[in-house]
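Colleague: Using full-length UniProt numbering, the first residue of the sequence shown is number 1, and each one after it goes up by one.
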Amino acid sequence: MAPQRRKISTSRLQSGSNNSSNLGGNSGSLDYDAAFRRFLRQRPHEAARIVEELKSGTNEELIRARNRLLTMADEAAIQNAIKYDLTMERIEKEYKARKRRAIANAAAKKLTLKDSMLKEIDNEIARVEAEYQASEISKASTSVQIDTNKKTLRGRGGGVLVEPPTYFNSMPKQVAPSTTPNITYLLSEDKIADDLKCFAAMNNESPPKPSTVRDRVDVTVTKQRLSYGGRQFKVGDEISVENAEYGKIEDAKIESLQEAMVVIRGTASWDTRQVNLKEF
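(1) Which two residues bound the contiguous alpha helix (DSSP H) that contains Val221?
(2) Should the stretch 221-241 be regarded as contacting the stretch 253-262, the criterion being three or more beta carbon pairs within less than 8 Å?
(3) With 16 as the cutoff for other CB atoms within 10 Å, does Thr152 come out buried or exposed?
(4) To test your reading of the DSSP string, which unbroken beta strand (DSSP E) runs of 3 or more residues are found completely within the stretch 63-146?
(5) Identify, in the order they occur along the chain, each residue of the same chain with its Cβ nearer than 6 Å to the Cβ of Val128, setting aside the five sequence neighbours on each side.
(6) Given this structure, state the Cα-to-Cα distance separating Asp195 from Thr184, to the nearest angstrom.
(7) Give the straight-line distance between the Cα atoms of Leu70 and Lys109, rounded to the nearest whole angstrom.
(8) Looking only at C-alpha atoms, which of Lys223, Val275, Thr222 sits nearest to Ile239?
(9) Less than 8 Å separating the beta-carbons of Val219 and Leu257?
(10) Along the chain, where does the alpha helix (DSSP H) that runs through Val51 open and close?
(11) Give me the Cα-Cα distance between Ser64 and Leu54, rounded to the nearest whole angstrom.
(12) Quick one: give me the first and last residue of the beta strand (DSSP E) that Leu226 is part of.
(13) In this structure, what does DSSP give as the bridge partners for Phe233?
(14) Helix, strand or coil: how does DSSP classify Ala260 here?
This is the structure:
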């Protein structure tokens with residue numbers, strides 16, 4: 001009678017294979033391939049059944065391993081989603097912080113630039129005003145009428161100034177007597193008269209004196225237009241002006257027209273002059 005073979009359960013085989021794999025993984029003393037070949041020789045029917053279960057997908061270990069992998073994949077996906085959300089939140093916070101810093105820096109630079117520009121403008125205005133005051137420009141003036149009926153220090157009608165006696169006016173200054181300078185001539189009056197007669201004889205035909213009276217040109221201002229000798233000019237037109245006070249001004253522009261006065265501006269922005277219509 002042949003001895004009966006002892007059956008080895010699949011769970012023990014699998015646990016043994018797991019233990020052998022763990023031992024082999026830890027120490028490397030067992031050969032998993034050799035154990036698997038030995039199992040195939042000893043239990044071919046059991047091995048065939050396990051292969052069929054693996055092909056059909058009904059093996060319990062395969063199902064547990066697949067479920068474990070799916071669970072790990074789901075957990076990894078959840079962790080990745082959480083990491084993604086945290087990363088995006090951190091990026092958004094950093095972006096907002098940098099944007100706030102950039103806006104604050106831009107506002108500070110804008111204020112600094114504005115202050116510097118205002119200072120430059122004030123300095124330029126002060127410089128132009130100083131140049132304008134220092135330059136010899138005829139400014140518009142209004143006649144001031146003095147009311148002689150008002151009481152002043154000099155009384156009515158411009159009397160003598162009445163001041164109380166003080167240290168400065170208690171002792172009036174003595175007026176120095178006027179003296180005629182003593183001029184000594186090198187020639188006598190007779191010789192001087194003879195010389196003058198000789199000069200008069202030499203200059204009998206004296207050249208005619210230049211006429212100081214020039215032809216009068218009609219100059220009027222009507223409806224913001226300057227009429228000069230039949231020509232019409234308006235505000236903004238370029239003209240050339242020449243008179244005894246200013247001299248000649250080239251490339252001047254008419255800035256404004258008044259009833260009896262024309263305001264012109266030269267090439268420089270501060271060069272503003274007023275010319276009476278009678279001076280044209």
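Where a beta carbon is used, it is the ideal one built from N, C-alpha and C, also for glycine.
Quantities reported herein were computed from a predicted structural model and do not represent experimental measurements.
Modeller: The relevant details are as follows:
(1) No alpha helix (DSSP H) holds Val221; the beta strand (DSSP E) holding it covers 219-221.
(2) yes
(3) Residue placement at Thr152 is poorly supported in this model, since its pLDDT is 49, which falls under 50; the coordinates are not used for a value here.
(4) Counting only runs of 3+ residues, no beta strand (DSSP E) is found wholly inside the stretch 63-146.
(5) Trp270
(6) Cα to Cα, Asp195 sits roughly 18 Å from Thr184.
(7) 57 Å
(8) Val275
(9) Against a cut-off of 8 Å, the Cβ pair of Leu257 and Val219 comes out as no contact.
(10) That run of the alpha helix (DSSP H) goes 44-56.
(11) Checking the displayed sequence, the identity of residue 64 turns out to be Arg instead of Ser. Cα to Cα, Arg64 sits roughly 12 Å from Leu54.
(12) 225-228
(13) Leu226, per the DSSP bridge assignment.
(14) It is coil, neither helix nor strand.
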